[in-house]
Amino acid sequence: MNTTINKTLSIAVFSGKGGVGKSSLSANLGYCLSQLGHKCLLLDCDLGLANLDVLLGISSEITIQDLLSSDISAAGIVQPIAPNLDLLPSASGVPELVEMDEDQRGLLLEKLQPIISTYSFVILDLAAGLNPTLLSMAQAAAKRIVVLTPEPTSLTDAYAVIKVLSAKTGLQDFLILANQVQDREEAQTTFHRLDAAVRKFLSFHLNYLGMVRNDPNMGIAVSRQQALVEMAPDCIAAQDIRVLAERIQSLRTALLPDLANNPVLRNF
Numbered sequence: 001m002n003t004t005i006n007k008t009l010s011i012a013v014f015s016g017k018g019g020v021g022k023s024s025l026s027a028n029l030g031y032c033l034s035q036l037g038h039k040c041l042l043l044d045c046d047l048g049l050a051n052l053d054v055l056l057g058i059s060s061e062i063t064i065q066d067l068l069s070s071d072i073s074a075a076g077i078v079q080p081i082a083p084n085l086d087l088l089p090s091a092s093g094v095p096e097l098v099e100m101d102e103d104q105r106g107l108l109l110e111k112l113q114p115i116i117s118t119y120s121f122v123i124l125d126l127a128a129g130l131n132p133t134l135l136s137m138a139q140a141a142a143k144r145i146v147v148l149t150p151e152p153t154s155l156t157d158a159y160a161v162i163k164v165l166s167a168k169t170g171l172q173d174f175l176i177l178a179n180q181v182q183d184r185e186e187a188q189t190t191f192h193r194l195d196a197a198v199r200k201f202l203s204f205h206l207n208y209l210g211m212v213r214n215d216p217n218m219g220i221a222v223s224r225q226q227a228l229v230e231m232a233p234d235c236i237a238a239q240d241i242r243v244l245a246e247r248i249q250s251l252r253t254a255l256l257p258d259l260a261n262n263p264v265l266r267n268f
């Protein structure tokens, strides 16, 4: 009988389209959670088109691809990037990772489980758009964050990915993060437009996680391959990300009883 009590909150971060700042937000949320004293793992699940290591200025010779092709363990791939913060990098230009079958996904999950349970938070940075691996990993996580911007295409694509996930997996719990907004009013307007469409056509409601305001420092941090919250900790976007991290910290505390008897990642 398994008596292990899970205390790890796994969070899948994804978007309907690329270019909405999803990976930068994943990385910076990881930094903020680690600064709050939590052990956090960034898991680059943009399989076949990885970029978390590039964003953070890290060179990765061994990646998640090696878990599927060798006897190496996940512990042998994890790279420390800051106190309390580790990265499990993925590979770029490897179509086999995007097109994993059920057996390969099962092997990946089997190799990940021993290490991910040692963290308070595991952040899965998923690919934008829709593919079978994304659907499986989004379903496997305990919580899901959908990142979108006020652009109409971002809204329609976010709706599409929520619709497909809901139809194929039955999921109806999505946290919405409005990125690159001018102010709180624009963030709320962006959320309510998406929520109204989901309520009308899918018959459930979304949950608002928060916002990150548009900030030129984010682009500078990306070009310098640094975390924004490290490079410019007092800028408005960094302030917003810290607020989000505190909300996610509170969410984990509230969910601990539910997490206790479930695996960190459900079956892919």
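Numbering follows UniProt numbering, with no gaps: position 6 of the sequence shown is 6. We put the beta carbon where it would ideally sit given N, CA and C, even for glycine. Just so it is clear, the structure is predicted and the values come from calculations on it, not from any experiment.
Q.
By DSSP's criteria, F191 is part of a beta bridge. Which residues make up the other side?
A. DSSP output for F191 lists no bridge partner at all.
Q | Sequence ranges, beta strand (DSSP E) only - wholly within the UniProt domain "AAA" (11 to 163), length at least 3 | A | 40 to 45, 79 to 82, 85 to 88, 121 to 126, 143 to 148
Q: Determine which residues share a DSSP beta bridge with I176 and list them.
A: V146, Y208
**Q.** Cutoff 7 Å; reference T253; Cβ partners in own chain excluding five residues on either side
**A.** none
Q | For G219, the first and last residue of its enclosing alpha helix (DSSP H) | A | 216 to 224
Q. What residues in its chain sit with their C-beta under 7 Å from that of N2, if we drop five residues either side in the sequence?
A. For N2, the predicted structure reports a pLDDT of 47, less than 50, and the residue's modelled location is therefore unreliable. The matter cannot be settled from this model.
Q) What three-state label does DSSP hand V243 in the structure shown? A) helix
Q: Pull up the distance between the alpha-carbon of I115 and that of V54, whole angstroms please.
A: 23 Å
Q | Close-in-space but distant-in-sequence residues of the same chain around D86 (CB under 6 Å, 5 per side omitted) | A | L41, V78, P80
**Q.** Whether L244 touches L177 by CB criterion (8 Å)
**A.** yes
Q.
I need the straight-line Cα distance from S90 to D66, nearest angstrom please.
A. 9 Å
Q) Should Q180 go down as buried or exposed, given a rule of 16 or more other Cβ atoms within 10 Å for buried? A) buried
**Q.** Status (buried if at least 16 other CB within 10 Å, exposed otherwise) for I123
**A.** buried
Q | Contact set for P150: own chain, Cβ-Cβ below 7 Å, skip 5 residues either direction | A | V181, E186, T190
Q. Does DSSP put R213 in a helix, a strand or coil?
A. strand
**Q.** Nearest residue (CA-CA) to D44, options E102, A160, A128
**A.** A128
Q: Would you give the residue range spanned by the alpha helix (DSSP H) that V229 belongs to?
A: 228 to 231
Q | Cα-Cα separation, residue 313 to P257 | A | There is no way to answer for residue 313, as the model of the chain reaches only from 1 to 268.
Q.
Going by DSSP in three states, L202 sits in which element: helix, strand or coil?
A. helix
Q: Label S70 either buried or exposed according to how many other C-beta atoms from any shown protein chain fall within 10 Å of its C-beta, with 16 as the threshold for buried.
A: exposed
Q. CA-CA distance, I62 and T153?
A. 36 Å
**Q.** Contact check, F14 vs V161, beta carbons under 8 Å
**A.** yes
Q.
Here's the rule: buried if 16 or more other CB atoms are within 10 angstroms of the residue's CB, otherwise exposed. What is H205?
A. exposed
Q. Just how far apart, CA to CA, sit D101 and R199?
A. 33 Å
Q.
For a test of the three-state rule: what should DSSP assign to L171, helix, strand or coil?
A. coil
Q.
Just verifying my parser: in three-state terms, what is the DSSP assignment at L265?
A. coil
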